[in-house]
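Visitor: My questions will all concern the structure given below.
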Amino acid sequence: MHAPPSLARTVDEIPTWQEVVETLLLRGGYNTTWVMIGTTLLGIAAGIIGVFALLRKRALVADALSHATLPGIALAFIVGTMLGVQSKSLPVLLLGAALSGVLGVVAIQALHRHPRVREDSAIAIVLSGFFGAGIVLLSVVQSMRSGSQGGLARFIYGQTAAMRHEDAIVMSVIAGLALVASLGLLKEFALVAFNEGFARVTGWPVTLIDIVMMGLIVLGVVAGLQAVGLILVVAMLIIPAASARFWTDRLRLLVLISAVIGGLCGYAGSATSALLPRKPAGSVIVLCGGALFFLSMLVAPRRGVLASIMRRIALRFRIARDHLLEQLHDLEQRDGRGTVIACRALADAMRERGWMGLQTRVFLGLLRLRGLIERRNGGVGLSERGRAIGARVARNHALWERYLIEYADIAPSHVDWTVDRVEHVLRDDVVRELERAIARTEAAR
Amino acid sequence: MSDVRGASLLSAHPEHSAESPLSIHAMTVAYRRRPVLWDVDYDAPAGALVAIVGPNGAGKSTLIKACLGLVAMASGRVAFWGRPLREVRGRIGYVPQRESVDWEFPVSALDVVCMGRYRKIGWFRPVSRAHKEVARACLARVGMEEYASRQISQLSGGQQQRVFLARALAQEADLYFMDEPFAGVDAATERAIIEVLRELRSAGRTVICVHHDLATAREYFDHVMLLNMRVVAAGPVEEVLTAENLRKTYGGRLTLLSEVSEAVARGEGG
C-alpha cells in the first residue's frame, strides 16, 4: 500500500507491476476493491441511462442538472449543521443535491415555456445561475465555525479516494435500478424519444415516462457526484452512449455497448486512481471515456472516420474504373474488338480527372490484378470480364440519362454532368425498374 | 351569466352525431394570441377519404393535431363516434409529418412499424413474435417488406413515409389522421399510398388527410374540407371544389391563383 499522502509529495510514486496486477484483479485492499466495484457499476448504469439522455436530446439538460446540484449540497450541509444532524452525512447531502438538481430542470422548463427564451439560453442561465449560487453558499459554509466544511469541495471535482464501501453499495443499488428500469421500459423510452406525438396519440402517458427518464438521469448524476464531481459527471452519461452510437444502429446493442464502455471507464479510472492517488480519479475516468470515444469515431465500421475515408476512396476508384471500362467499350463498338488506348493518352485523361501519375499507375495495376484490363501493343485494352462490365456500365449510363430526360424534368443540357456522378451508384434493381419504366413509355407512344 | 351565453351558443350548432367518426364542434385554436383556427365545425362522413385542403399556414396540421389532443384548443369540442378521445384512442391511427422525427434514431423499419402495436402490447412487455408478424405484413402492404431490417436513415424519403403509413396500419384503427402523406414522395410511394387509402376505404375505414395538392385532391379523395383559418366549404369533392370556393380559400394570391384556375379547368374539362 501507499504511504499516507503528505503535502510535500506532489508526484506519485510509480507503482510496481505487482501492485498494478493486484489492483486490476480487485485485490488491492478492502476499500480499493469496493471503490472499484462501485465505480464500475456506476459506469455501467451511467452508460445505460446516457443512451436515453442522448436519444431524448437531453445531454445539455443533464449538464445543467449536475451543476444545479451544488447549491443543494451546500444548503443541505448548512441546514444539517444548524439542525445538529451529522453534517457530513452522505444521504442528506445527496438528497439536497437531487432536490436542487430537479429544481434546476424545472427552472429550465419554466424558462423555456416563455416564448422569448430559447432552450439553449434557458440551459445556460440555469447552469451558471445555480452554480454561482452554489459557490456563494460554499463560501458561507467556509465562514461557518464548524470547521468540517472541507469535504464539500470533493463534490465539485470528485474524489474516489474519499469513497467508502457504503458509498459503493449506494452506487450498486442505483446501477441495479437503472438496469431494471431501462430494460423494462426500453420500448416506452424508445417510443417517446423517437416520436413523442405518436406516443401521445396512442395513449401513452408521455409526461410520466419523461419524468421516469429524467429521474434516472438525476439518480445517475447524484450517484456520480462523489466519484467524478459535478463538473464532469455529465461526461459519464454522454460519452459512452455517444461512442456506442458509432458501433451500431440497433437500440438494444447500443444500450449494451454503452454499458460496457461506461463500465470500462469506471474500472480503468478507479484502478488508476488507486495506483496513483494524486491523480484526480474523476478526470481519469472521463479521459478514458474520451479516448474510447476517439477510438470509436476513428475505427468504427461503417460510421467511423476511417471507414468513411475508405468508402470515399473506393467510390472514387469505382467511378474511375467505370469510366475507363465504358470508354474502352465505346471504342470497341466503334473500332472493333481489341482496340486499345495508348498508355500516355490514358495518363493524360486521368490527369484531367484529377489523378496523379502514381495514383494512375496504382489504379491500372489494381485493374490488371483483377483481370479487367490487359496490356496490349503499348496500350490498355479490355479483358473478357472487363468487356462485360463495360457493356453493363454503358447500358446503365444510357438508361439513367433517359430517365433524367423523361421523368425528372431536368434540362437536357444539364444531364451529362449529373449522369457522370450518379450512374455509378445505381443499383441493379433500380436499373430494372428504369428499364420497365422506359419500356412502358415506349409502348405508350 | 356566462352559462346562459354558452348554452345558447351550443344550441346553435347541431349535436354530435354518434355515427360520424369525427365531429368537430366550434373549435378555436390560438398560438399565443393569434387565432389559427376560428370556430371550426365539421362532421366527417364514415368510410370516406377526406382531404383537408388550404394554403400554407391555413391551420391544416393544427386542425388534426387539435383533434388528437396534441395542440390545446382555446374552445370547442371534438367527438369520435360521439365519444371523447380518451375512450376511443385504440380506434384512431396517426401518420405524423415525416419531418417531425429524427430519422437518425437507432431503429429499423420493422421496429418503427412495431410501435403501432405498442398499445396492444402494453407496459414493460417486449414485442412478441406474433406482433412482429403483423408489423411485417403491414410493411408488405406498402411494398416495403424487403426493407424491414434496414436502419431508417438508410431509407429514401418516400420509403420513410411508407414506413409511417405501415405503422398506422399496424394500429388497426377505424379512423386515420394523416399529415401530408404525399408531401415530397416519389411516384412509387404515391401509388402505394393511394392504393392503401383505397383499401382502407373499401374496408369501411375513414381517412382524414392534410393535402396540399389541389390537382390530385379531386382524383384521390371523396370529400374535401377547404380550410383557411375557418372552414370555407366542406362536402363531396365535386360540390366543394368550385372556382368560387377556391377563390375564397386562397384569396388573390397570384401564384396560387394560376394553380387554382388550372386545377379547376382540368377538373371541369374532364
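So the protein sequences, as listed, match chains P and U.
Under this note's numbering, residues 345 to 789 are what the first sequence spells out, in order.
Under this note's numbering, residues 18 to 287 are what the second sequence spells out, in order.
Every residue gets a Cβ at the ideal spot worked out from N, C-alpha and C, and that includes glycine.
Which residues, in chain order, does the region 111-124 of chain U contribute to contact with chain P at a C-beta distance below 7 Å?
Guide: Taking 7 Å as the Cβ-Cβ cut-off against chain P, the residues of the region 111-124 of chain U that qualify are Tyr111, Pro113, Ser117, Val118, Phe122, Pro123 and Val124.
Visitor: Taking only three categories from DSSP, how would you classify U/Ile69?
Guide: If DSSP states are grouped into helix, strand and coil, U/Ile69 belongs with the strands.
Visitor: Within 10 angstroms of the Cβ of U/Tyr164, are there 16 or more other Cβ atoms? Answer buried if so, exposed if not.
Guide: U/Tyr164 comes out buried.
Visitor: Are the beta-carbon atoms of P/Gly792 and P/Val572 separated by less than 7 Å?
Guide: Absent from the model: residue 792 of chain P. The displayed extent of chain P is 345 to 789, so no value can be given.
Visitor: Which residue's Cα is closest to the Cα of P/Arg720: P/Gly416, P/Gly701, P/Ser526 and P/Leu672?
Guide: Of the listed residues, the one whose Cα sits closest to P/Arg720 is P/Leu672.
Visitor: Is it buried or exposed for U/Asn262, if we count other Cβ within 10 angstroms and need 16 for buried?
Guide: That one is buried.
Visitor: CA-CA distance, P/Gly653 and P/Leu710?
Guide: A small correction: the amino acid at residue 653 of chain P is Ile; Gly does not occupy that position in the sequence shown. In a straight line, the C-alpha of P/Ile653 is about 19 Å away from that of P/Leu710.
Visitor: Helix or strand or just coil, what does DSSP make of P/Leu726?
Guide: The answer is strand: DSSP assigns P/Leu726 an E or B state.
Visitor: Since U/Arg211 meets chain P, which of its residues come closer than 8 Å, beta carbon to beta carbon?
Guide: The question names Arg, but residue 211 of chain U is Ile in the sequence shown. Going along chain P, no residue has its Cβ under 8 Å from U/Ile211, so there is no contact; the nearest lies around 18 Å.
Visitor: DSSP three-state call for P/Ile717: helix, strand or coil?
Guide: Correct three-state label for P/Ile717: strand.
Visitor: Residues of chain P with CB under 8 Å from U/Ile109, in chain order?
Guide: Result: Val545.
Visitor: Does U/Glu36 get closer than 7 Å to chain P when you measure Cβ to Cβ?
Guide: So no, U/Glu36 is outside the interface.
Visitor: Applying a beta-carbon distance threshold of less than 9 Å, which residues of chain P neighbour U/Pro3?
Guide: This structure leaves residue 3 of chain U out entirely; chain U is present only between 18 and 287.
Visitor: What is the DSSP secondary structure of P/Asn375, reduced to helix, strand or coil?
Guide: If DSSP states are grouped into helix, strand and coil, P/Asn375 belongs with the helices.
Visitor: Label P/Leu597 either buried or exposed according to how many other C-beta atoms from any shown protein chain fall within 10 Å of its C-beta, with 16 as the threshold for buried.
Guide: Looking at its Cβ environment, which holds fewer than 16 other Cβ atoms inside 10 Å, P/Leu597 is exposed.
Visitor: Which residues, in order along the region 683-715 of chain P, keep a beta-carbon less than 8 Å from a beta-carbon of chain U?
Guide: Within the region 683-715 of chain P, no residue has a Cβ that lies closer than 8 Å to any Cβ of chain U.
Visitor: Alpha carbon to alpha carbon, how far is P/Val446 from P/Met580? Give it in angstroms, no decimals.
Guide: Taking the straight line joining both Cα atoms gives about 19 Å.
Visitor: Mind checking P/Ala788: buried by the 16 CB within 10 Å criterion, or exposed?
Guide: So P/Ala788 ends up on the exposed side.
Visitor: Have a look at P/Ala441 and P/Leu481 and give me their C-alpha separation to the nearest angstrom.
Guide: Taking the straight line joining both Cα atoms gives about 13 Å.
Visitor: Using a Cβ cut-off of 7 Å, which residues of the region 191-222 of chain U contact any Cβ in chain P, in chain order?
Guide: Those would be none; no residue qualifies.
Visitor: If we ignore side chains and look at the alpha-carbon of each, how far apart do P/Asp593 and P/Arg678 end up?
Guide: Roughly 49 Å separates the two Cα atoms.
Visitor: Should P/Phe638 be labelled buried (16 or more other beta-carbon atoms within 10 Å of its own) or exposed?
Guide: Counting Cβ neighbours within 10 Å, P/Phe638 comes out exposed, since fewer than 16 surround it.
Visitor: So what does U/Pro52 bridge to, in DSSP terms?
Guide: DSSP, once it has assigned bridges, lists U/Ala47 as partnering U/Pro52.
Visitor: 7 Å is my cut-off, CB to CB: does U/Tyr267 come that close to chain P?
Guide: It does not: the Cβ of U/Tyr267 has no partner Cβ on chain P nearer than 7 Å.
Visitor: Per the DSSP calculation, U/Ile225 is bridged to which residue(s)?
Guide: For U/Ile225, which the question treats as bridged, DSSP gives the partners U/Val67 and U/Phe194.
Visitor: Can you list, in chain order, the residues of its chain with a C-beta nearer than 6 Å to that of P/Ala691? Leave out the 5 residues immediately preceding and following it.
Guide: Answer for P/Ala691: Thr704, listed in chain order.
Visitor: Determine the burial state of U/Lys82: buried for a count of at least 16 other Cβ atoms within 10 Å of its Cβ, exposed for fewer.
Guide: U/Lys82 is buried by the Cβ-count criterion.
Visitor: Going along the chain, which unbroken runs of the alpha helix (DSSP H) with 4 or more residues stay wholly within the region 112-190 of chain U?
Guide: With a minimum length of 4 residues, the continuous alpha helix (DSSP H) runs that stay inside the region 112-190 of chain U are 126-131, 135-138, 146-158 and 174-187.
Visitor: If the cut-off is 8 Å on Cβ atoms, which residues from the region 70-86 of chain U count as contacting chain P, listed in chain order?
Guide: The residues in question are Lys82, Leu85 and Gly86.
Visitor: Tell me the residue span of the alpha helix (DSSP H) that contains U/Ser92.
Guide: Element bounds for U/Ser92: not the alpha helix (DSSP H) but the beta strand (DSSP E), Ser92 to Ala96.
Visitor: Any C-beta of chain P within less than 7 Å: which residues of the region 154-185 of chain U qualify?
Guide: The residues in question are Gln168.
Visitor: For the pair the region 62-79 of chain U and the region 773-783 of chain P, tell me if three or more CB-CB distances fall below 8 Å.
Guide: Output reads no: the region 773-783 of chain P does not touch the region 62-79 of chain U.
Visitor: Going by DSSP, what residue range makes up the alpha helix (DSSP H) through U/Ala205?
Guide: Note, U/Ala205: alpha helix (DSSP H), Ala204 to Ser219.
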